[in-house]
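K.L.:
Numbering (this note's numbering), first residue to last: -7 to 327. Even glycine gets a Cβ: it sits at the ideal position worked out from N, Cα and C. Computed from a prediction, not measured in an experiment: that's the story for all the values here. Pasting a structure below so you can have a look.
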């Protein structure tokens, strides 16, 4: 089966008339044109002017070409009068605008500066309510518990689509303003068939990188019936959510889901055409990383508590990336 995360419409885009361009390839300073590895998608251009549809205007105006032909500073390079080509979601060519190849689409940067955008591969943006009291408790020394998610679930279920959409749009604008041009967005605060489906539909309005996280925690109405909830996540909820998502995720952690439950969720998601990600080893040592690697997941996220065996498994996995979330550790005082 072809998984949704493996499919992407192939379109090449030429961005030309760049006043100054910063790249992550120092060799570009010499003006050499060639393929450049990109961490993000074709959307990965910072837009300082506040628009998601174009490169960022440095200083808010078209400053024109920079005198120097190019310079390198550490791992970065600066090119003037430059251009770049995006092909299939990757930066395929950088160099002088005068030597730019043809592409399917052309964007005129009008002398603006272009620099790599940040990519956020782990974001929870569809929610309502706030957890200020829980944050205060953590700052007072009380440990973080996965069950704290439940308070956000209550607020999210009670919120209208308009409230959720407005908060999502606000957060997406804030991310863009701070230079994040490509981001993933999870569900996980609805935990009913209808609420998970509407969360994914809303997320898809702002990003194509949508993740089904029905297996965030077991909701209160299921009590101790974790098996019954996993059946729902792998059955009716998946059927409603898979058409709206590209990824499936599971919180494999004490207080959430164990290894066998996580494997069942990931296997069901893959059978529905989704690619796997895993919340792993956040609150303590556990099986999450090993589950992620065995499932061929794209990432094991958090990875706060890793054993040598976990590190070796990630290093030899051939594709599972360890996504570290230091901001989470600061706010939860973990470890």
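#1: Looking at the structure shown, is residue 11 part of a helix, part of a strand, or coil, going by DSSP?
#2: From the DSSP output, in three-state form, read off residue 35 for me.
#3: Is it right to say residue 303 is buried, meaning 16 or more other beta carbons lie within 10 angstroms of its own, or is it exposed?
#4: Tell me, to the nearest whole angstrom, how far the beta carbon of residue 172 is from that of residue 110; I am working on the premise that it is less than 8 Å.
#5: Taking 6 Å as the limit between beta carbons, can you name the residues of its chain near residue 329, skipping five residues before and five after?
#6: Within a Cβ cutoff of 6 Å, which residues of the same chain sit near residue 311, ignoring the five residues on either side of it in sequence?
#7: Could you tell me the boundaries of the alpha helix (DSSP H) in which residue 320 lies?
#8: Assign residue 74 to buried or exposed, taking buried as 16 or more other Cβ atoms, counted over all protein chains shown, within 10 Å of its Cβ.
#9: So if DSSP puts residue 82 in a beta bridge, which residue, or which two residues, is it bridged to?
#10: Could you tell me the distance, in whole angstroms, from the CA atom of residue 30 to the CA atom of residue 112?
#11: In whole angstroms, what separates the C-alpha of residue 183 from that of residue 162?
#12: Relative to the C-alpha of residue 85, which candidate in 13, 103, 297 has its C-alpha closest?
#13: Can residue 232 and residue 189 be called in contact, C-beta distance under 8 Å?
#14: Report the residue from 199, 257, 9 whose alpha carbon sits nearest the alpha carbon of residue 218.
#15: According to DSSP, which residues form a beta bridge with residue 87?
#16: Whose CA, out of 255, 187, 198, lies closest to the CA of residue 228?
#17: Which word fits residue 278, buried or exposed, when buried means at least 16 other C-beta atoms lie within 10 angstroms of its C-beta?
#18: DSSP state of residue 297, grouped into three classes?
#19: State the DSSP-derived secondary structure class of residue 202, mapped to helix, strand or coil.
#20: Taking its Cβ as the centre, do 16 or more other Cβ atoms sit within 10 Å of residue 39, making it buried, or is it exposed?
P.N.:
Short version:
#1: As a position in the chain shown, residue 11 is number 19, starting the count at 1. Three-state DSSP puts residue 11 in a strand.
#2: On the chain shown, residue 35 is found 43 positions in, with the first residue counted as 1. At residue 35 the pLDDT is 39, less than 50, meaning the model places this residue with poor confidence and gives no usable figure here.
#3: The residue given as residue 303 occupies position 311 in the chain shown. With fewer than 16 other Cβ atoms within 10 Å, it is exposed.
#4: Taking the first residue of the chain shown as 1, we reach residue 172 at position 180. Taking the first residue of the chain shown as 1, we reach residue 110 at position 118. Yes, residue 172 and residue 110 are in contact; Cβ-Cβ is about 4 Å, under 8 Å.
#5: No information on residue 329 is available, as it lies outside the stretch -7 to 327 that the chain covers here.
#6: Here residue 311 is taken as the residue at index 319 of the chain shown, counted from 1. Counting only Cβ-Cβ distances below 6 Å, and skipping sequence neighbours, we find nothing.
#7: The count along the chain shown starts at 1 and reaches residue 320 at position 328. Counting along the chain, residue 320 sits inside the alpha helix (DSSP H) bounded by residues 318 to 324.
#8: Stepping through the chain shown from its first residue, residue 74 is reached at position 82. Classified as buried, residue 74 has 16 or more neighbouring CB atoms from the shown chains inside 10 Å of its CB.
#9: Stepping through the chain shown from its first residue, residue 82 is reached at position 90. Note: residue 82 sits in a beta bridge opposite 79.
#10: Against the chain shown, residue 30 aligns to sequence position 38. Against the chain shown, residue 112 aligns to sequence position 120. For residue 30, the predicted structure reports a pLDDT of 34, less than 50, and the residue's modelled location is therefore unreliable. A value from the coordinates is still provided. In a straight line, the C-alpha of residue 30 is about 14 Å away from that of residue 112.
#11: For the purposes of this step, residue 183 is identified with residue 191 of the chain shown, where counting begins at 1. For the purposes of this step, residue 162 is identified with residue 170 of the chain shown, where counting begins at 1. Rounded to whole angstroms, residue 183 to residue 162 spans 23 Å at the Cα level.
#12: Position 93 of the chain shown, counted from the start, is the residue given in the question as residue 85. Checking every option, the nearest Cα to that of residue 85 belongs to 13.
#13: For the purposes of this step, residue 232 is taken as the residue at position 240 of the chain shown. For the purposes of this step, residue 189 is taken as the residue at position 197 of the chain shown. Contact: yes.
#14: Taking the chain shown and counting its residues from 1, one reaches residue 218 at position 226. With distances taken between Cα atoms, residue 218 lies closest to 257.
#15: For the purposes of this step, residue 87 is taken as the residue at position 95 of the chain shown. DSSP lists 75 as partners of residue 87.
#16: As a position in the chain shown, residue 228 is number 236, starting the count at 1. Of 255, 187, 198, the residue nearest in Cα terms is 187.
#17: Locating residue 278 in the chain shown gives position 286, where the first residue counts as 1. Per the 10 Å Cβ criterion, buried.
#18: For the purposes of this step, residue 297 is taken as the residue at position 305 of the chain shown. In the three-state DSSP reduction, residue 297 falls in the coil class, being neither helix nor strand.
#19: To locate residue 202, count along the chain shown from 1; it is residue 210. Looking at residue 202 - three-state DSSP - the assignment turns out to be strand.
#20: Along the chain shown, read from residue 1 onward, the residue named residue 39 stands at position 47. Note on residue 39: pLDDT 30, under 50, position unreliable in the model; the coordinate value appears next. It counts as buried.
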